[in-house]
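Student: Dropping the structure in here first, questions after.
Structure (C-alpha cells):
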C-alpha cells in the first residue's frame with residue numbers, strides 16, 4: 001500500500017494513508033522506507049518514490065528524530081563513489097523521482113537513539129511550487145532492516161556510522 005502524506009492545509013495531528021487523500025496531497029509517495037540503525041549509529045538514509053502532477057521542487061524535509069535532515073546524492077567521480085548534499089531536487093510533473101540507496105536519498109543525521117525496524121518516522125517534506133510557495137506534506141515512513149546483500153537495496157554507506165567502532169579482543 002502506498003503511503004500518502006497529509007496536505008499542509010489539514011490539521012497536523014491527522015495523517016492519511018491510502019488513496020483517499022491522493023488528490024489533495026501535493027506528491028504521491030510510494031515504497032517509502034528508512035534504514036534501521038544500531039546503537040551508536042547517528043545517521044541513516046530514507047528512500048521513496050515521489051510523483052507529482054505539477055512541477056515541484058523538493059527543497060528539504062524535517063524529522064523530529066533527526067536534528068539534521070538533508071537531501072543527498074551519491075555520484076561516481078572517476079572510480080570513487082562520492083556523496084554530497086543537495087539544496088533541492090526537481091520533481092518534474094508526471095515523472096517518478098526515485099530516492100534510493102546509491103542515488104538520491106534523504107539523510108537523517110544527529111540521531112540521539114536507534115531507529116528500530118518495525119517503528120515509524122514522521123517525515124515532513126518541504127516542496128516549492130513554480131510560483132515560489134512552499135508546501136509541507138507529512139509522510140509516515142516505516143523503518144526497515146537493511147536489505148540482505150544481493151537484493152539490490154543493500155548498498156551500505158559505512159561512512160555514516162555503520163562501522164564496527166573499536167573492537168578489543
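Numbering (the numbering used here), first residue to last: 1 to 169. Quick reminder that beta carbons are idealized off the backbone N, C-alpha and C, glycines included.
Determine the direct distance from the alpha carbon of residue 24 to that of residue 104, and round the result to whole angstroms.
Tutor: Rounded to the nearest angstrom, the two C-alpha atoms are 25 Å apart.
Student: Can you find a CB in chain D that lies within less than 9 Å of the CB of residue 103?
Tutor: Within the model displayed, chain D is absent; a lone protein chain is all it includes.
Student: Need the endpoints of the beta strand (DSSP E) that residue 126 sits in, please.
Tutor: From DSSP, the beta strand (DSSP E) with residue 126 extends over 120-129.
Student: I believe residue 126 touches residue 134 by the beta-carbon criterion, under 8 Å. Please report the beta-carbon distance rounded to the nearest angstrom.
Tutor: That pair is a contact at about 6 Å.
Student: If residue 145 sits next to residue 36, beta carbons under 8 Å apart, how far is it from one beta carbon to the other, in whole angstroms?
Tutor: Their Cβ separation, rounded to whole angstroms, is 5 Å, which keeps residue 145 and residue 36 in contact under 8 Å.
Student: From residue 122 to residue 131, what distance separates their C-alpha atoms?
Tutor: Roughly 27 Å between the two C-alpha positions.
Student: Measure the CB-CB distance between residue 91 and residue 61 and report whether it falls below 9 Å.
Tutor: Not in contact: residue 91 and residue 61 (Cβ atoms no closer than 9 Å).
Student: Rounded to the nearest angstrom, what separates residue 41 and residue 117 at their Cα positions?
Tutor: C-alpha separation (whole angstroms): 14 Å.
Student: From what residue to what residue does the beta strand (DSSP E) around residue 35 run?
Tutor: That run of the beta strand (DSSP E) goes 28-35.
Student: Are the CB atoms of residue 66 and residue 108 nearer to each other than 9 Å?
Tutor: Contact: yes.
Student: Taking Cβ positions, are residue 77 and residue 86 nearer each other than 9 Å?
Tutor: No, they are not a contact pair.
Student: Could you spell out where the beta strand (DSSP E) holding residue 105 opens and where it closes?
Tutor: It spans 105-109 - the beta strand (DSSP E) in which residue 105 sits, taken as one unbroken run.
Student: Once the 5 residues before and after residue 120 are set aside, which same chain residues still bring their CB inside 6 Å of it?
Tutor: Hits under 6 Å: 140, 142.
Student: If residue 57 and residue 89 are in contact, beta carbons under 8 Å, what's the gap, nearest whole angstrom?
Tutor: Rounded, the Cβ-Cβ distance is 7 Å, consistent with contact.
Student: Please report the straight-line C-alpha distance between residue 59 and residue 93, rounded to a whole angstrom.
Tutor: Each residue's alpha carbon lies about 16 Å from the other.
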